[in-house]
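Here is the structure we will look at, set down as C-alpha cells.
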Amino acid sequence: MSEVSSPQLNRRLLSWSLSEIRHGQLWPVSIALTLIIACIFALTALAERMEQVVVKQGKEALTADTVYSSSNPIPQPLLEAVNQQQLTISSQTRFATMAFSDRGMKLITVKSIDSAFPLRGEMVLSDGKSTFNHVQPGELWLDERLFAQLDVSIGDAVTVGDADFIVSGRVVEEPGLSFNPFQQMPTAFIHNTDLERTGAVQLGSRVRFNLFINGDQSQIETVKSSIELTPSDRWRDQNSASRTNEVFQRTEQYLSLTVAIVVIMAATTLVLTCQHYVSTRKKTIAMLKSLGASRGWIGRWLWSQVAILLISASILGLAIGVGLEILLRVPLVDLLPNPLPSYGLKPALVAVSTSVLIAVPALGIPLLGLLQVSAANVMQSDVAYNRSRPYYWLIAVPLLPMLFVYYQNTLVWIILAGIVALFLVLALLSIGLTKLLSKMPLPTSVRLALSRINRSAMSTGIQFGALALSLMLLAVMWLVRTDLLTDWQRTLPADAPNAFALNIAPYEKDAYLEVLDSNQIDRSEDYPIIRGRLSTINGEDAKEYAQGGEGTDALRREINFTFDDGIPEHNDVLEGEWTDANGVSVEADVAQDLGLEIGDELGFVINSQTVTAKVNSIRHVEWRDMKPNFYFIFSPDVLQSIPATYLVSFRLEDRHNDLINQLSRNHPTVSLMDIRSMGAKIQGLLEQIVWSITVLAALGVVSGVMLIFTLLRLSLGQRQSEIQLYRTLGASKKRVVRTIWAEYGIMSLVAGFIAAIGAELVVGALMKFGFELEPNLHLVLWAALPVVTFFTLALVVNSMIKRLLTPINKAFS
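Read in order, the letters of the sequence shown are residues 593 to 1405 in our numbering.
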C-alpha cells in the first residue's frame, strides 16, 4: 500500500471512506450529528427570538425602558439626573375622580400625560374618522366602557373634577396593560397642561406620579444609584412589569431544557453507534495491518470518514435547522417582533461547534482505541488492544466549555445529576433483580434470557442504563410540559371571575349584591376593604426586617386590608391557626420576605390611626386564580372602629352587558373593573405558548425514539452470533424467538419502571428548583411507562426479528 502514489492513494482513501459510510455502521453517526446540529441551531435561533419577545413585551407593558413611580411628585434631583444623562422621558399623573355628563356620573381613573407618551408600545385613539397616537392639550379620550356608563357620544360635554371637556374620542388600544386586574378600571386620558384645572389633585389626594424613562441601561443605572427611594417610591423594569413575563421566562427555561435533553440523547446515540462500529471493525483493522497498512494510513482512513460525516451533517443539519426554526416559530407568530430581526451567524456557529465538541470524545475515544488493534486479531478476535496511552481525557473537551456556559443554569445540572444517579441506581437494581429472578423456577426461554443478561454485570448495567436514560428523558420532557401547562392554566382559569366591583359603600352593598344574585351572576363573598400600611414589627420599624430594605410590596405602598371571621376557603393555611381576637393572617411570601413568625406583633397605620395585631397564621395565596386575595386578613375586632368600603368579584357573560351598564349608572361611585378583554388576550397568548411547547416536546420525542431504535438495533445486531450458536446446538426457531422476547420483555419492564422513578425525581427537582413551582406526583406514569415501553419495544423487535432470523433459516435449509 505504501508504494501507491499519493494522489491515487488519496482518491482510494476517499472512495473507501464513502463506501464504508454507505455500507458500514457509520450512517447512524451522521444522523445523530445532523440531529444535534439541526436542533441546536433551531432552538438557539428561537431562543434569541423569545428573548426579544420577553424584553419587548416587558418594556411595552411599562411603556418605557424603566419607570419611576411614587405617591409624591417627581423629585427635582431625579429630573436633574435624567437631564444630565440626556435620557428621553415622559410623565404621567394618575388619580381617581368623578366624571359627570348630562345623563350620568362615574368614579373613574384619570391619566394625565404629556404628548410624548408612550415611549414604548402604541396608543390608538379614534374619533370615529381618524386614529391618533398621542394626547394633545384640551382633549379628553374615554375608555369604551365610559361611553355607556356616562351615556355620552363623541362631541358631548363631560366634566372631570372641576374641568369641562368635550369628548374627543375613544381609547381603542391602551399601552401598558399588565396582568393586574386592579389596573383595569375605566380610564380617561387628558393632557398634563389640563391637570391643574381639574382641581382633583390636592393635598392628601390619592395620586400616583410616574416618570417613564428611555435610554441606555448603564445610564439608567447611574440615575437609579443617584436617587434614594422612600417607602412610597419604586423602580419598575421589564422583569416586574407583567405576570405574563413569567410564562415567557418559563418557556425560555423549557427551551433550554429541551436543547439539553435533545443533545444528551443524540450524543448518547452517537457514542453507542460509534462503539458498535468499533466492535464490528476490529477484524477489518487487523486485516489491513496484516496486509501492511500503516497505523498512519488507517488513521487517515478513519479520520477522513469523520470529516465527511461532520461536513455532510453540518450542511444538512443547518438546512434542517432553518426549516425547524420556522416550524417552531409558527405558533408564536403573533408574539414575535415584526419585522423579525436577523439572528446572524451565532446559531450556526453554536450548533456546529457544539456538535464538534461532542464528537471529539464520542468518536475520538473509540476510534483512537481502534487504531491500537493488533494484527493478531485476524486469527484471534479476543486479543486485547495494545493501548499505549489513555484517551479518556478527551471528555474534558466538551465538559470544560459546558462548565463555562452552563455554570449558572440549574436546570442543566439537575438533568445531568439525574442521569448519573439513574445510571448508578439502575445498574444496581437491574443486576440485583435479574439475579433474583434467575433463582426462581421459570420457563426455559426466560432462564436463557436471564442467563445472558447476568453474564456481564457491567454490560447489563450499561444496557439497562442507556435504555432507561432515553425513557427517563422522554418522560421528563412530557411531564415538565404537562406540569407547566397545568400551572399556566391557573393564570386565568376558565371559570375565573372577570369583573371586580370596588368602593361599594356600606349603605348600598345589599342593593348591589341583590342585583347580582337576582340575575344569577356567580360572585365571591363581599369583602370589607380598608387601605393602610404596615409600619412596625415587634415594635421596630418594619423596613428593618425587609431584605435589601424593600423586600416586598407590603412596605412600598398603601395596600388593601380586610377582616373576616375566618380564612377564605381558597387560601391554604401553612402555619398556625385562626384566632377570633387580636389576630392577623399573613400571606406566605410577605411572611418570608419579612421573616415573620407566628406570634409576632405587627403595627399598622390606617387613616392616621395605629392598630396592632398578632400573627396567628401564614397562608399560601394563589394570586392568579383572580379571586379576591389579601396580604393581611384581620380578625373583626382589630378594625371594627375604622370605616370600610366593600369589594366583590363575579363572572360576567356577554348577556350581562346591559345589566352592568345599568348597575354603573345606578351606583356611580362604585368602581367596576371589567377584565374580559384582558383575559382574552392572556388566553390567546397561552394557547400560542402551548403550541410552541408541544412542538418542542415532539422534537424531543423524535430524538428519544431514534435513541431507543439505535439501542435495540445494536443490541439485536450483537445477538446474531449467539442465535447461530443456539441453533447449532439444536435450539428451535420458536425457542430462540421466545428467548429474545423474554430478554427484551424483562429489559423493557425493568427499565421502564426505573425510568419512571428517575423521571419523577428529576421532574420534582426541576419544578422545585428550576421553575420554582410545587412538584406533583404522577402515579399513573409509574404503571404506564413500563407498559408503554414494552409495547413500543415489541413493535421494534417484531419488525427486526424476522430479518435477524432469516440468515439462520437459509443456513439450516
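Glycine included, C-beta positions come from ideal geometry on N, C-alpha and C.
Element boundaries [alpha helix (DSSP H), containing Thr814]: 809-817
CB-CB under 7 Å to Lys703, same chain, minus the five flanking residues each way: which ones, in chain order? Gln684, Arg686, Thr779, Phe781
Could you check what DSSP says for Arg712 in three-state terms: helix, strand or coil? coil
How about Tyr983 and Leu960: do their beta carbons lie closer than 8 Å? Taking 8 Å as the Cβ cut-off, Tyr983 and Leu960 qualify as a contacting pair.
To the nearest angstrom, report how far apart Leu1188 and Leu1126 are at their CA atoms. Approximately 13 Å between the Cα atoms of the pair.
Let me know if Met1032 comes out buried or exposed under the rule of 16 or more other beta-carbons within 10 Å of its beta-carbon. exposed
Please tell me whether Ile1210 and Gly1168 are closer than 8 Å, where the distance is taken between their beta carbons. yes
Do Thr658 and Asp829 come within 8 Å of each other at the CB atom, strictly closer than that value? yes
Check each candidate in Gly713, Val922, Ser906 and name the one with the smallest Cα separation from Val942. Ser906
If you run the structure through DSSP and keep just helix, strand and coil, what is Asp1246? helix
Let me know the secondary structure DSSP gives Pro540 once reduced to three states. Since the first residue shown for the chain is 593 and the last is 1405, residue 540 is missing from the structure and cannot be characterised.
In the DSSP output, what is Pro1120 paired with across the bridge? Tyr1238
Does the Cβ-Cβ distance between Ser732 and Val716 come in under 8 Å? Per the sequence presented here, residue 732 reads as Leu, with Ser not at that position. Going by C-beta atoms, Leu732 is not nearer than 8 Å to Val716.
State the Cα-Cα distance for the pair Trp889 and Tyr935, rounded to the nearest angstrom. 42 Å
Could you tell me which residues DSSP puts in a beta bridge with Asp1133? Thr1128
Taking only the alpha-carbon atoms, compute the straight-line gap between Leu1194 and Leu992 and give it to the nearest angstrom. 52 Å
With burial defined as no fewer than 16 other Cβ atoms inside 10 Å of the residue's Cβ, what is the status of Phe996: buried or exposed? exposed
Is DSSP giving Phe1226 helix, strand or coil here? strand
Along the beta strand (DSSP E) that carries Arg800, what are the first and last residues, could you check? 799-806
Residue environment, Leu894, which counts as buried when at least 16 other CB atoms sit within 10 Å: buried
Using 10 angstroms around the beta-carbon of Phe1153, count the other beta-carbons present and answer buried if the total reaches 16, otherwise exposed. buried
Buried or exposed: Ala1173, going by 16 or more other Cβ atoms within 10 Å of its Cβ? Of the residues assessed, Ala1173 falls on the exposed side of the cut-off, its CB having fewer than 16 other CB atoms within 10 angstroms.
To which residues of the same chain is Asn1111 closer than 8 Å at the C-beta, ignoring the five residues directly before and after it? His1248, Leu1251
Quick check: what's the CA-CA separation for Ala940 versus Gly884? 42 Å
Hey, quick one: how far does the beta strand (DSSP E) through Lys703 stretch, first residue to last? 697-705
Roughly how many angstroms lie between the CA atoms of Asp694 and Pro1260, to the nearest whole one? 13 Å
Separation of Gln741 from Gln668, as counted between CA atoms: 39 Å
Have a look at Gln678, Asp706, Ile856 and flag the residue whose alpha-carbon is nearest the alpha-carbon of Leu627. It is Ile856.
From Leu1387 to Thr865, what distance separates their C-alpha atoms? About 21 Å.
Residues of its chain near Ile1113, where Cβ-Cβ distance is below 6 Å and the 5 sequence neighbours each way are ignored: Phe1242
What residue from Phe1226, Glu1136, Ala1013 has the CA that sits closest to Ile1198's CA? For Ile1198, the closest of Phe1226, Glu1136, Ala1013 by C-alpha to C-alpha distance is Phe1226.
Cβ pair count under 8 Å reaching 3, the stretch 1084-1104 against the stretch 1374-1385: no
Assuming Thr1204 is part of the beta strand (DSSP E), what are its boundary residues? In the DSSP annotation of this structure, the continuous segment of the beta strand (DSSP E) that includes Thr1204 starts and ends at 1201-1212.
Under 8 Å: do the stretch 1177-1192 and the stretch 1228-1244 share three or more Cβ pairs, one atom per stretch? Flag = no, the stretch 1177-1192 and the stretch 1228-1244 do not touch.
Same chain only: Cβ atoms within 6 Å of His1162, ignoring 5 sequence neighbours per side: Lys1219
Give the straight-line distance between the Cα atoms of Val1389 and Leu1066, rounded to the nearest whole angstrom. 20 Å
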